[in-house]
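Here the protein sequences line up with chains A and B, keeping their order.
Residue 356 in our numbering sits at position 356 of the first sequence; the count goes up by one each step and never skips.
Residue 22 in our numbering sits at position 22 of the second sequence; the count goes up by one each step and never skips.
Inspection log for the structure reproduced underneath, given as structure tokens.
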Amino acid sequence: EGRPNVLFLVVDDLRPELGCYGSPVITPNIDQLAIQSIRFTNAHAQQALCAPSRASFLTSRRPDTTKVYDLDTYWRNAGGNFTTLPQYFKENGYFTASMGKVFHNGTASNETDDYPYSWSVPAYHPSTTKYKRKKVCLSPDGTRHEYLLCPVDVSQQPEGTLPDIQLADNAISMIRNMSSGLKSTNASSHLPFFLGLGFYKPHVPFKFPKEFLSLYPIETIKMATNKNLPASLPDVAFETYSSLREREDIAALNLSFPYGPMPDKYHLLIRQHYYAAVSYVDAMIGRVLNALEQSSLADNTIIVLIGDHGWQLGEHSEFAKFSNYALATRVPLLIHVPPLLKTSFYQKKLTTFHFQDVFQNMPQQTEGSGKVSNAFVELVDIFPTIVDLAGLPSVSECPSVSHEIQLCTEGTSLLPLIKPVSAG
Amino acid sequence: AESMWKNCTFSQYPRPDIQPKNNTDVPKLKDIRIMGYTLQTKYYRFAEWLGFDTNTSKPDWSNVYARELYDLEKDVEENNNVADEPQYQLIIKNLT
Numbered sequence: 001e002g003r004p005n006v007l008f009l010v011v012d013d014l015r016p017e018l019g020c021y022g023s024p025v026i027t028p029n030i031d032q033l034a035i036q037s038i039r040f041t042n043a044h045a046q047q048a049l050c051a052p053s054r055a056s057f058l059t060s061r062r063p064d065t066t067k068v069y070d071l072d073t074y075w076r077n078a079g080g081n082f083t084t085l086p087q088y089f090k091e092n093g094y095f096t097a098s099m100g101k102v103f104h105n106g107t108a109s110n111e112t113d114d115y116p117y118s119w120s121v122p123a124y125h126p127s128t129t130k131y132k133r134k135k136v137c138l139s140p141d142g143t144r145h146e147y148l149l150c151p152v153d154v155s156q157q158p159e160g161t162l163p164d165i166q167l168a169d170n171a172i173s174m175i176r177n178m179s180s181g182l183k184s185t186n187a188s189s190h191l192p193f194f195l196g197l198g199f200y201k202p203h204v205p206f207k208f209p210k211e212f213l214s215l216y217p218i219e220t221i222k223m224a225t226n227k228n229l230p231a232s233l234p235d236v237a238f239e240t241y242s243s244l245r246e247r248e249d250i251a252a253l254n255l256s257f258p259y260g261p262m263p264d265k266y267h268l269l270i271r272q273h274y275y276a277a278v279s280y281v282d283a284m285i286g287r288v289l290n291a292l293e294q295s296s297l298a299d300n301t302i303i304v305l306i307g308d309h310g311w312q313l314g315e316h317s318e319f320a321k322f323s324n325y326a327l328a329t330r331v332p333l334l335i336h337v338p339p340l341l342k343t344s345f346y347q348k349k350l351t352t353f354h355f356q357d358v359f360q361n362m363p364q365q366t367e368g369s370g371k372v373s374n375a376f377v378e379l380v381d382i383f384p385t386i387v388d389l390a391g392l393p394s395v396s397e398c399p400s401v402s403h404e405i406q407l408c409t410e411g412t413s414l415l416p417l418i419k420p421v422s423a424g
Numbered sequence: 001a002e003s004m005w006k007n008c009t010f011s012q013y014p015r016p017d018i019q020p021k022n023n024t025d026v027p028k029l030k031d032i033r034i035m036g037y038t039l040q041t042k043y044y045r046f047a048e049w050l051g052f053d054t055n056t057s058k059p060d061w062s063n064v065y066a067r068e069l070y071d072l073e074k075d076v077e078e079n080n081n082v083a084d085e086p087q088y089q090l091i092i093k094n095l096t
């Protein structure tokens, strides 16, 4: 009783292209969270690919320990039977639930999202994820294709919705149920929760409600200032943005392999659609945070928001992740410590998550607001940090070889960085 | 606290070959031959692309395929790899 809840938000392929990080991209809901959080400006993923990065930060081990480098390997089979972040909370009396893409779905998480080890209930996957590689993007001639650039009329989509909309709906429903349970007299429903929410966008394809594209008129989009392939870049360092080339609209460009380049028109379109997809996810996150506040849970819930890795938007003539460039490894990291925790930044109740609707009221930019840390941090640091914030027994540092040790960390708790900010 | 904090971050990325191929971006475990290790400090980003054994998950430090060094004070966008320039060899030695 009294222990904080945890809301763990993972956004797929999100680089710090957010208003709170100085970007012109319109993200008022995440910015609102940032104002009430510590914003880390130098956070890096351990590998710029979904499955390895997620296996890494959810076990707090680096890829050379998890032995997860690709999209198919399950760390318990390859690296060791490592305790995960949600598993640790579950073993300490929490109700844990996964929705969407927290672990990389599929064989990389044993086809179960690591249930039942990590989660109290089977993971929720939106029914519309099965259309990810289907021909659902409308072309001007009325035919449907599998495009990279795919703004849609949601009502015309299969099942009349999209994965991140379903994800937010389901999360809101669970939050309301948890709130009802906490108010009930049923002792078993009084467990604190760890809710992992994995949003699917802005990962390709850029399929999102088309109205978000109107936020970014194409004439306002700027080219990357360094769009050319550096002459001094070793061949081995270059990534070929294969995940873009396999979509029909990009394939039709007949780009030269491996170096392209991408035509300027598509360079701009890709940036425009990435921005719109980010604003769409921001709106879904805003809905969830608003539900948290309305359910009276916000003041006792630790909130963490991260991207699993970055993304290149035409810089160095590259698109996507798959590289070691800082643009591919650097991620947003926000940690909201709620007012009821002793380590909180706040002297009084300040948690407010009103839904910011960009189509009703264009928000102000909030760069520079909130608390900031410029320290070097890594996603392997998140596990011990959340554990410390929640007051669970701290996780000890791993020895150099740790395959037989179920619980340890190759990261460092960020609590010392959070406490001075809190004191200030 | 920040002044006493870690002074770099580490990331890595695997490759099947030194030349870009169809499976360069997402090589399967069995196809990985090279690992690029990179560290980011306040002033530099350094990367070394090394031969790699997936059975042991260890790089072969004597088998260097390529290096990258970006001087972030002069080149924050990482446009100019200076790993081969003589004046940076001591920096590389220190970073390795």
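In this text, a Cβ means the ideal position worked out from N, Cα and C, and glycines have one as well.
No experiment lies behind these values; they were computed from the predicted model shown.
Hey, residue i and residue j: beta-carbon distance below 8 Å or not?
| i | j | result |
| --- | --- | --- |
| H309 (chain A) | T329 (chain A) | yes |
| T60 (chain A) | F353 (chain A) | In the sequence on display, residue 60 (chain A) carries Ser and not Thr. No, the Cβ-Cβ distance between S60 (chain A) and F353 (chain A) is not below 8 Å. |
| P20 (chain B) | M35 (chain B) | no |
| S57 (chain B) | K67 (chain A) | yes |
| G314 (chain A) | H267 (chain A) | yes |
| L85 (chain A) | L58 (chain A) | yes |
| T96 (chain A) | S120 (chain A) | yes |
| E318 (chain A) | E410 (chain A) | no |
| L33 (chain A) | L289 (chain A) | yes |
| V331 (chain A) | A123 (chain A) | no |
| N324 (chain A) | A231 (chain A) | no |
| T9 (chain B) | E48 (chain B) | no |
| A276 (chain A) | P363 (chain A) | no |
| L305 (chain A) | L334 (chain A) | yes |
| K6 (chain B) | T412 (chain A) | yes |
| D153 (chain A) | K101 (chain A) | no |
Below 6 Å CB to CB, which residues in the same chain sit around residue i once its five sequence neighbours on both sides are set aside?
| i | result |
| --- | --- |
| L7 (chain A) | L195, T301 and I303 |
| M284 (chain A) | D164 and A168 |
| F489 (chain A) | Residue 489 (chain A) lies beyond the stretch modelled for chain A, which goes from 1 to 424, so this question has no answer here. |
| S62 (chain B) | none |
Under the assumption that residue i contacts residue j (Cβ atoms under 8 Å), give the Cβ distance between them as a whole number of angstroms.
| i | j | result |
| --- | --- | --- |
| V380 (chain A) | Q46 (chain A) | 6 Å |
| V387 (chain A) | C408 (chain A) | Incorrect: roughly 12 Å between the Cβ atoms, too far for contact. |
| S179 (chain A) | S295 (chain A) | 4 Å |
| R45 (chain B) | E78 (chain B) | 6 Å |
| E68 (chain B) | N80 (chain B) | E68 (chain B) to N80 (chain B), Cβ: 10 Å. No contact. |
| N29 (chain A) | F355 (chain A) | 7 Å |
| Y69 (chain A) | I32 (chain B) | 6 Å |
Going by CA-CA distance only, name the one from the options that's closest to residue i.
| i | options | result |
| --- | --- | --- |
| Q156 (chain A) | A:P217, A:L255 and A:K207 | A:K207 |
| Y241 (chain A) | A:P234, A:P230 and A:M262 | A:M262 |
| R133 (chain A) | A:Y74, A:G80 and A:V204 | A:V204 |
| H403 (chain A) | A:P63, A:H125 and A:E248 | A:P63 |
| L213 (chain A) | A:F359, A:L229 and A:T65 | A:F359 |
| Q87 (chain B) | B:E2, B:Y70, B:L29 and B:K42 | B:Y70 |
| P116 (chain A) | A:P28, A:G142, A:L414 and A:F89 | A:F89 |
| Q166 (chain A) | A:S373, A:V281, A:T143 and A:I270 | A:V281 |
| K42 (chain B) | A:A326, A:E397, A:S413 and A:V372 | A:A326 |
| A66 (chain B) | B:E73, B:I32, B:D84 and B:K74 | B:D84 |
| L432 (chain A) | A:R76, A:F193, A:T65 and A:Y274 | The displayed coordinates of chain A run from 1 to 424. Any statement about residue 432 (chain A) would go beyond what the structure contains. |
| I221 (chain A) | A:F322, A:K265, A:G181 and A:G142 | A:K265 |
| I405 (chain A) | A:G79, A:S56, A:V10 and A:P16 | A:G79 |
Express the C-alpha separation of residue j and residue i in angstroms, rounding to a whole number.
| i | j | result |
| --- | --- | --- |
| F40 (chain A) | N94 (chain B) | 27 Å |
| G424 (chain A) | Q272 (chain A) | Reliability of the predicted coordinates at G424 (chain A) is poor, the pLDDT of 44 falling under 50, and the value obtained from them is presented with this limitation in mind. Answer to the nearest angstrom: the Cα atoms are 39 Å apart. |
| L148 (chain A) | D12 (chain A) | 16 Å |
| V401 (chain A) | Y200 (chain A) | 34 Å |
| G370 (chain A) | S256 (chain A) | 45 Å |
| I218 (chain A) | G286 (chain A) | 25 Å |
| F103 (chain A) | S53 (chain A) | 9 Å |
| E20 (chain A) | T54 (chain B) | The identity of residue 20 (chain A) in the sequence shown is Cys, whereas the question assumes Glu. About 40 Å. |
| S456 (chain A) | A224 (chain A) | Since the first residue shown for chain A is 1 and the last is 424, residue 456 (chain A) is missing from the structure and cannot be characterised. |
| L269 (chain A) | P202 (chain A) | 14 Å |
| R15 (chain B) | E293 (chain A) | 45 Å |
| V26 (chain B) | L50 (chain B) | 17 Å |
| N77 (chain A) | D114 (chain A) | 12 Å |
| I92 (chain B) | L39 (chain B) | 11 Å |
Grab me the residues of residue i's own chain with a C-beta within less than 7 Å of its C-beta, minus the 5 sequence neighbours each way, in chain order.
| i | result |
| --- | --- |
| T107 (chain A) | D72 and Y74 |
| L244 (chain A) | L148, V204, I250, F319 and A320 |
| G160 (chain A) | V154 |
Leaving out five residues before and five after residue i in sequence, what residues of the same chain have Cβ atoms less than 8 Å from its Cβ?
| i | result |
| --- | --- |
| N170 (chain A) | M99, Y124 and P126 |
| L191 (chain A) | G93, Y94 and F95 |
| A291 (chain A) | A171, I172, I175 and R176 |
| L389 (chain A) | P4, I302, I335, V337, L341, T343, L415 and I418 |
Identify the contact partners of residue i in chain D, using a Cβ-Cβ distance below 7 Å as the criterion.
| i | result |
| --- | --- |
| H44 (chain A) | The chain inventory of the structure shown lacks chain D, comprising the protein chains A and B. |
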